[in-house]
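Count along the sequence shown from 1, then add 11; that gives the number in my numbering. Here a beta-carbon is modelled for each residue, glycine too, at the ideal position from N, C-alpha and C.
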Amino acid sequence: MRRFSLFYRRSPSFSTLACLGLTLAAAFGSFAVPSLSATAQETATSDERPTGELLFKSTAQTFAANARKTRIGAISVVDEADGVGPVARCEIFETPESPWAFSLRFLVDRPVAKGEVLLLEFRARTVSAKTESGLGSLGPMFETSDPPYVKSLNQRVELGFAWRDYSLPFRCVESRDAGKSAIVFFLGYLPQTVEIADVKLSSFGKNFDVSTLRNSEPRYKGAEPDAPWRATAQERIEKIRKGDLTLQIVDADGKPVPNATVEIRQTRSAFGWGTAVVAGRLLAQGSDADAYRDFLVKYCNRAVFENDLKWFGWQNRRNRADVFRALDWLDERQIDVRGHCLVWPSWRNSTPRWRELASNPEALDAAIREHIRDEASALRGRVVDWDVVNEIHDNNDILKILGDDVLVDWFQEARAADPNARLFINDYGILSGEGLDRRKQTSYFRAIKKLIDAGAPIGGIGMQSHFGQTATPPERLLEILDRFAELGLPISITEHDVDATDKAFQAEFTRDFLTAAFSHPAVDEILVWGFWERSHWRPESAYFSADWTPTPAGKVWQELVGETWRSNLDATSNEAGTVATRVFLGDYRITVRVGDKTSTLETTVEKNAGEPVVVRLAD
Ligand code: 9MR
Numbered sequence: 012m013r014r015f016s017l018f019y020r021r022s023p024s025f026s027t028l029a030c031l032g033l034t035l036a037a038a039f040g041s042f043a044v045p046s047l048s049a050t051a052q053e054t055a056t057s058d059e060r061p062t063g064e065l066l067f068k069s070t071a072q073t074f075a076a077n078a079r080k081t082r083i084g085a086i087s088v089v090d091e092a093d094g095v096g097p098v099a100r101c102e103i104f105e106t107p108e109s110p111w112a113f114s115l116r117f118l119v120d121r122p123v124a125k126g127e128v129l130l131l132e133f134r135a136r137t138v139s140a141k142t143e144s145g146l147g148s149l150g151p152m153f154e155t156s157d158p159p160y161v162k163s164l165n166q167r168v169e170l171g172f173a174w175r176d177y178s179l180p181f182r183c184v185e186s187r188d189a190g191k192s193a194i195v196f197f198l199g200y201l202p203q204t205v206e207i208a209d210v211k212l213s214s215f216g217k218n219f220d221v222s223t224l225r226n227s228e229p230r231y232k233g234a235e236p237d238a239p240w241r242a243t244a245q246e247r248i249e250k251i252r253k254g255d256l257t258l259q260i261v262d263a264d265g266k267p268v269p270n271a272t273v274e275i276r277q278t279r280s281a282f283g284w285g286t287a288v289v290a291g292r293l294l295a296q297g298s299d300a301d302a303y304r305d306f307l308v309k310y311c312n313r314a315v316f317e318n319d320l321k322w323f324g325w326q327n328r329r330n331r332a333d334v335f336r337a338l339d340w341l342d343e344r345q346i347d348v349r350g351h352c353l354v355w356p357s358w359r360n361s362t363p364r365w366r367e368l369a370s371n372p373e374a375l376d377a378a379i380r381e382h383i384r385d386e387a388s389a390l391r392g393r394v395v396d397w398d399v400v401n402e403i404h405d406n407n408d409i410l411k412i413l414g415d416d417v418l419v420d421w422f423q424e425a426r427a428a429d430p431n432a433r434l435f436i437n438d439y440g441i442l443s444g445e446g447l448d449r450r451k452q453t454s455y456f457r458a459i460k461k462l463i464d465a466g467a468p469i470g471g472i473g474m475q476s477h478f479g480q481t482a483t484p485p486e487r488l489l490e491i492l493d494r495f496a497e498l499g500l501p502i503s504i505t506e507h508d509v510d511a512t513d514k515a516f517q518a519e520f521t522r523d524f525l526t527a528a529f530s531h532p533a534v535d536e537i538l539v540w541g542f543w544e545r546s547h548w549r550p551e552s553a554y555f556s557a558d559w560t561p562t563p564a565g566k567v568w569q570e571l572v573g574e575t576w577r578s579n580l581d582a583t584s585n586e587a588g589t590v591a592t593r594v595f596l597g598d599y600r601i602t603v604r605v606g607d608k609t610s611t612l613e614t615t616v617e618k619n620a621g622e623p624v625v626v627r628l629a630d
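Written out as structure tokens, the structure is:
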């Protein structure tokens with residue numbers, strides 16, 4: 012069998028062909044490798060690729076250790092005559108509830124360090140699959156070997172029928188001891204038989220530019236420039252995010268003024284755009300703090316404290332004083348604040364005091380209510396939204412003790428403490444992970460429905476939307492949003508980010524995610540979970556590098572949020588002295604000039620067009 016690899020950029024002719032292959036792959040939903048010319052294959056086989064230190068290599072034994080047969084699927088080891096081998100043949104009999112319900116897994120017997128550049132290589136092919144294309148897929152992951160399975164690599168690749176080499180570089184996000192991290196291939200996507208061989212993990216150390224190892228990741232479905240979802244999303248954006256603005260320019264006598272120069276400037280967006288912030292950074296001195304604040308001023312009308320309102324930020328008196336000063340700063344700039352979060356009901360994420368009360372449910376219940384009352388009433392009028400409860404699906408130690416019905420009480424306590432804030436439930440893994448975690452989606456949907464049915468004063472649904480290198484196809488995002496919209500509550504994207512070393516992918520998916528979410532009528536705000544590399548829980552996701560250079564994804568945000576989805580235009584009044592236009596909903600400053608006369612007024616454009624706005628030019 013010939014070996015060829017597409018992933019190392021060398022001569023321009025090869026990269027052009029490789030790009031063509033990738034474009035074809037995107038267009039046809041699979042990689043068009045076999046159609047590459049022999050020249051391209053030859054070029055690609057030369058041995059110039061960087062080699063790293065080998066950390067893991069599959070053998071017949073490592074495959075055999077995974078061999079099993081269950082209701083869901085089977086793994087067996089087979090010999091492959093064609094120079095490949097040994098091979099793990101993986102069969103999925105029926106689609107399980109999640110892709111990880113059946114997987115191939117190898118522990119890495121060497122410590123790994125945060126920041127270390129690793130390269131996962133393997134060969135794989137589809138034998139058969141129950142999809143329209145007939146192609147199977149698998150999800151290569153690199154993760155911690157125990158919960159919460161923190162992932163440094165998180166992808167899904169579609170496999171052709173011919174053997175193909177995959178080469179996936181990534182940067183390790185967490186240091187782990189030997190045997191505490193794992194290479195995992197999720198298999199449970201669909202009924203299929205796929206084969207995997209020659210799995211290799213190599214390290215290139217910390218000081219290595221990960222982008223020199225080119226990523227072979229196929230793009231996601233719907234990334235194509237002419238994907239059908241794009242046109243319908245644009246139509247919805249035009250329809251739901253814009254409103255009619257009619258200006259009537261008159262002189263001091265009330266007579267229409269033709270030919271007036273009219274400047275229409277949007278000062279605030281009706282849609283919520285925001286980010287997670289750190290109170291201390293908003294208050295700090297120096298050029299970094301200036302640039303940090305500048306992002307908020309330029310692009311945001313929403314902010315959420317990343318940690319300052321969690322129990323540990325709140326209990327710290329000095330920090331609490333900072334929070335109030337930061338709230339003043341935000342308030343002066345009309346940046347509305349989301350409170351995050353009153354209860355995060357696992358021991359790991361709540362105050363140690365609550366854990367001490369584990370064996371005394373009544374006291375535990377009282378302590379939690381007390382905390383909700385205390386914090387929500389102290390912040391009454393200062394926050395517009397509250398995440399009353401965060402991540403109940405995976406953080407539920409307290410719910411196991413107090414029962415799920417206590418959630419209703421928590422919402423009621425929050426309502427009593429703050430009559431005006433919208434009260435949210437918030438969780439992750441609903442839109443991310445290709446939108447395939449149907450079990451979690453259903454459980455979230457049911458939990459919200461139960462709260463509504465029980466009369467809890469819930470005012471919105473939070474979807475965190477943390478992504479790795481795996482995108483969710485935009486059409487799937489829209490389907491999930493449609494489903495949750497049936498609940499009749501607004502949806503907030505509360506913590507969006509795309510943690511990917513592949514910057515082109517990151518920018519592309521950022522654009523598509525923001526577009527799909529902005530186009531959905533139930534979504535009324537999008538907040539990202541940080542924007543600056545030096546203040547980010549996943550620095551690789553940041554929109555700005557340490558020196559404030561925007562990343563490709565950052566440029567997408569600047570373009571969409573700062574320009575495309577704002578209306579700033581100049582117009583001239585017609586014969587009847589009017590200007591009629593359609594602009595993004597929000598607040599506007601209108602300046603009208605005729606000769607040396609100027610008049611300025613502020614107005615708000617709402618969805619249902621009101622009367623024409625009269626601009627009177629004084630004498
Ligand atoms: O980004 C936050 C990090 O600084 C904290 O250490 C961590 C624990 O409090 O929480 C992170 O934020 C999480 C958010 O509160 C809930 N959704 C997931 C976020 C990322 O872990």
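Within 9 angstroms, strictly: CB atoms of residue i and residue j
i, j, result
"Leu131", "Ser178", "yes"
"Thr278", "Gln203", "no"
"Ala437", "Thr362", "First, the amino acid is wrong: residue 437 is Asn here, not Ala. No, Cβ-Cβ distance for Asn437 and Thr362 is not below 9 angstroms."
"Leu149", "Val205", "yes"
"Asp523", "Ala482", "yes"
"Ser556", "Glu544", "yes"
"Tyr231", "Phe520", "yes"
"Gly446", "Arg487", "yes"
"Gly396", "Arg344", "The question names Gly, yet the displayed sequence has Asp at residue 396. Taking 9 angstroms as the Cβ cut-off, Asp396 and Arg344 do not qualify as a contacting pair."
"Tyr599", "Leu146", "no"
"Ser87", "Val210", "no"
"Gly285", "Leu538", "yes"
"Glu154", "Phe215", "no"
"Trp174", "Val89", "no"
"Asp508", "Val184", "no"
"Ala564", "Lys514", "yes"
"Val605", "Ala271", "yes"
"Pro110", "Phe219", "no"
"Ala458", "Leu492", "no"
"Pro485", "Leu224", "no"
"Trp355", "Asn401", "yes"
"Leu341", "Leu390", "no"
"Thr512", "Ser222", "yes"
Counted within 10 angstroms of its Cβ, other Cβ atoms place residue i as buried (16 or more) or exposed
i, result
"Gln166", "buried"
"Ser298", "exposed"
"Arg252", "buried"
"Ser370", "exposed"
"Gly233", "buried"
"Leu489", "buried"
"Thr562", "buried"
"Ala425", "buried"
"Thr583", "exposed"
"Gly199", "buried"
"Glu317", "buried"
"Pro159", "exposed"
"Ile275", "buried"
"Lys125", "exposed"
"Lys411", "exposed"
"Thr73", "buried"
"His477", "buried"
"Leu320", "buried"
- Item | Sufficient close CB pairs (3 or more, under 8 angstroms) joining the region 186 to 201 to the region 116 to 126 | Segments in contact, yes.
- Are at least three pairs of beta-carbons, each pair with one atom in the region 350 to 359 and one in the region 392 to 410, less than 8 angstroms apart? Contact annotation: the region 350 to 359 touches the region 392 to 410, with at least three C-beta pairs closer than 8 angstroms.
- Just list the beta strand (DSSP E) runs in the region 492 to 571, keeping only unbroken ones of 3 residues or longer that don't cross its boundaries, in chain order. 502 to 509, 534 to 539
- Task: List in chain order: all unbroken alpha helix (DSSP H) runs of 4+ residues lying wholly within the region 301 to 332.
- Result: If we require 4 residues or more, the alpha helix (DSSP H) runs fully inside the region 301 to 332 come out as 322 to 326.
- Message: If contact is defined by three or more beta carbon pairs under 8 angstroms, each pair taking one atom from either stretch, is the region 289 to 305 in contact with the region 609 to 623?
- Response: no
- Of all the beta strand (DSSP E) runs that stay within the bounds of the region 126 to 182, which reach a length of 3 or more residues? 128 to 140, 148 to 155, 162 to 165, 175 to 182
- Message: Please give the ranges of any alpha helix (DSSP H) in the region 54 to 102, keeping only runs that are unbroken, at least 4 residues long and fully inside the region.
- Response: 71 to 75
- Task: Take every Cβ of the region 417 to 433, pair it with every Cβ of the region 462 to 471, and state whether three or more of those distances are shorter than 8 angstroms.
- Result: yes
- Are the region 260 to 276 and the region 563 to 575 touching, with three or more C-beta to C-beta distances below 8 angstroms? no
- What residue ranges within the region 348 to 432 form continuous beta strand (DSSP E) runs of no fewer than 3 residues, ordered along the chain? 396 to 401
- Counting only runs that start and end within the region 432 to 502, where is the beta strand (DSSP E) found for 3 or more residues in a row? 433 to 438, 471 to 474
- Item | Ordered list of alpha helix (DSSP H) runs contained in the region 237 to 264, each at least 4 residues | 239 to 251
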